[in-house]
Amino acid sequence: MEFDLKQRGRASMHFLSDLAVATGPLRKQVDADMLARGLDESTLADDLDERLLQVDAALADSPAAAALAMLGEYSGVNHGRVAAAAFAEIEAELLPRLKALEQGPTTIEPLPGEARPDYFDRAWIHRTTGGWDGHPYQGFVHGELIHRHYVARNYPGDIYAQRREILSVLPRRDYRKIFEIGTSSGNYTLQIARTFPEAELWGCDPSPRMLEHAQRIANENELRWRLFVGSGEKTGFESEGFDLVTSYIVLHEIPAEATKAQLREAFRLLRPNGDVLFTDVTRYAALDKKGVRWAEYTAVNGGEPFWREAASLDLAAAAREAGFVDVRSEGFRGGIYPWFVYGRKPA
Ligand SMILES: C[S@@+](CC[C@H](N)C(=O)[O-])C[C@H]1O[C@@H](n2cnc3c(N)ncnc32)[C@H](O)[C@@H]1O
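Heads up, the sequence shown is in my numbering, so the first residue is 52 and it goes up one at a time.
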């Protein structure tokens, strides 16, 4: 969506995202401080909990570690508040447009299955005030403001390109009906729709506020999606109705058992020969000990309670257990991020 922020809102969003860039040199200094204190791959503890304590103790007198912790805390607490304040400045002029975009070909309805998994309200993911439904226009606030004026400024190039390009790992172009789990504000959904314009597209998410923005995005682009408020583990849909079940960066926000349940549900929903493609964050098995410690640091301080169990899950084994064949679990294009698991339901 095109819109202009007021000067104060734009400046405060950009201040926060520039602050994130500014922490880059501090991270390098923390790495150097670790080395200076004798912490490297040979001395870092094998056990992760022990390693976290070991690093914290060693960095207790590191000014760079203290500064990084302070700036991270400031961003964690404030990014949602700053985005909400930037929205408040333009709310009056924006609301008629947002309301109008709720009318159109894309619909939102309750999922026949589970509305909201019990873990969903256990934490405010990303430490965003109130979580995914914490603001009446959270879909706009997260999808447009936090994504475009905060996250995207820290990504070189097109932040949505990976969502589009990951679809190239799929072996088919003839999907007739696609189901997306964790539609949120529709960032991945839009790329799926553009890549497979002939396919019927359904999506689910337990957050009504996020789906409302996906609906606006779809209507603005004259796209006809069926969106359902509910959980990807238990959809309640009939079996074998889809050719592709897919998700993008959802798995690190749910327990490992929920990922396994979503793979089983995907298998049930797929027609024979149908494909599953779930994309998520780097697996801990692909990182060295220092890399895992940094991932944990970012997850714990960034409001990601399920990241460790998610990143530790063997996705290939989970996909095979669900019944999939031709399974691939690997970093995209030989890298380590994003990480995807692909599988095919046998004919
Ligand atoms: C990081 S966002 C995903 C973003 C989106 N797929 C994209 O590419 O931008 C994670 C989304 O997963 C949703 N979610 C969490 N648990 C879920 C579940 N059990 N079933 C479906 N969606 C879920 C959250 O509400 C949130 O909107």
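Using N, Cα and C, we set each Cβ at its ideal position, and we do this for glycine too.
Got a sec, what are the start and stop residues for the alpha helix (DSSP H) residue i sits in?
| i | result |
| --- | --- |
| W390 | Here W390 belongs to no alpha helix (DSSP H); instead the beta strand (DSSP E) covers W390 to R395. |
| D69 | Q58 to A87 |
| S290 | Run containing S290: none; DSSP gives neither H nor E here. |
| P147 | P114 to A151 |
| N162 | Going by the sequence as given, residue 162 is Leu instead of Asn. Counting along the chain, L162 falls outside any alpha helix (DSSP H), and DSSP gives it neither H nor E. |
| E249 | Counting along the chain, E249 falls outside any alpha helix (DSSP H), and DSSP gives it neither H nor E. |
| R371 | L366 to A373 |
| S219 | Premise fails: S219 is in no alpha helix (DSSP H) and is neither H nor E. |
| W345 | K340 to N352 |
| D377 | No alpha helix (DSSP H) contains D377, which is instead part of the beta strand (DSSP E) from V376 to G382. |
| E360 | W358 to S363 |
| E101 | L99 to A109 |
For my contact list, residue i and residue j are in at a C-beta cut-off of 8 Å; report their separation, rounded to the angstrom.
| i | j | result |
| --- | --- | --- |
| V280 | A166 | 6 Å |
| L218 | T246 | 5 Å |
| A265 | S235 | 7 Å |
| I197 | G237 | In fact, because the Cβ distance is near 14 Å, the residues do not count as touching under 8 Å. |
| L77 | A115 | 5 Å |
| L44 | L328 | For the chain, the structure presents residues 52 to 398; residue 44 sits outside this window and is missing. |
| D294 | G325 | 5 Å |
| T297 | E231 | 6 Å |
| V192 | A134 | 5 Å |
| F54 | P163 | At roughly 35 Å, the Cβ-Cβ gap does not stay under 8 Å, so F54 and P163 are not in contact. |
| P168 | S282 | 5 Å |
| L364 | A307 | 4 Å |
Looking only at its own chain, which residues have a Cβ that is under 6 Å from the Cβ of residue i, when we skip the five neighbours before and after it?
| i | result |
| --- | --- |
| A367 | V378 and S380 |
| L314 | A369, A370 and A373 |
| P248 | none |
| Y299 | R214, Y239 and T330 |
| L90 | A109 |
| H303 | D331, V332, W358 and A361 |
| V463 | Only positions 52 to 398 of the chain appear in the structure, and residue 463 is not among them; the question remains open. |
| H177 | G354 |
| E263 | G190 |
| A309 | E284 |
| A317 | V296 and V327 |
| G60 | A137 and E140 |
| H186 | A135 and V192 |
| P161 | V280 |
| G394 | V327, A370, F375 and V378 |
| A312 | E284 |
Just to confirm my understanding: we take residue i, look at its own chain, exclude 5 residues before and 5 after, and list those with CB closer than 7 Å. What are they?
| i | result |
| --- | --- |
| K340 | E92, L95 and R102 |
| R275 | P156 and T157 |
| Q189 | W183, R260 and M261 |
| G292 | K228 and L320 |
| F171 | P257 |
| V417 | Since the displayed the chain opens at 52 and closes at 398, residue 417 lies outside it and no answer follows. |
| A398 | P323 and N324 |
| Y226 | F247, A250, D294 and L295 |
| S113 | V81 and D84 |
| D97 | none |
| A350 | W358 and R359 |
| R223 | D326 |
Can you find the residues in the same chain that come closer than 8 Å, C-beta to C-beta, to residue i, ignoring five residues on each side of it along the sequence?
| i | result |
| --- | --- |
| R471 | Since the displayed the chain opens at 52 and closes at 398, residue 471 lies outside it and no answer follows. |
| L110 | V81, D84, M85, R88 and A116 |
| S68 | H200, Y201, V202, R204 and N205 |
| Q154 | N270 |
| F383 | Q213, E216, I217, V220, T330, P389, W390 and F391 |
| Q242 | Y211, R214, R215 and L218 |
| L149 | Y188, F191 and R267 |
| T74 | L119, L122 and G123 |
| E273 | G155 and P156 |
| V128 | R178 |
| F57 | Checking the displayed sequence, the identity of residue 57 turns out to be Lys instead of Phe. Cβ within range, chain order: A137, E140 and I141. |
Could you spell out where the beta strand (DSSP E) holding residue i opens and where it closes?
| i | result |
| --- | --- |
| G325 | L321 to D331 |
| I268 | Counting along the chain, I268 falls outside any beta strand (DSSP E), though it belongs to the alpha helix (DSSP H) covering P259 to E271. |
| W276 | W276 to V280 |
| F230 | K228 to I232 |
Practice item. Give me every residue whose Cβ sits closer than 6 Å to any heavy atom of ligand 1, in chain order. Key: P168, F171, W183, R214, I232, G233, S235, N238, Y239, C255, D256, P257, S258, M261, S282, G283, E284, Y299, I300, V301, E304, I305 and A309
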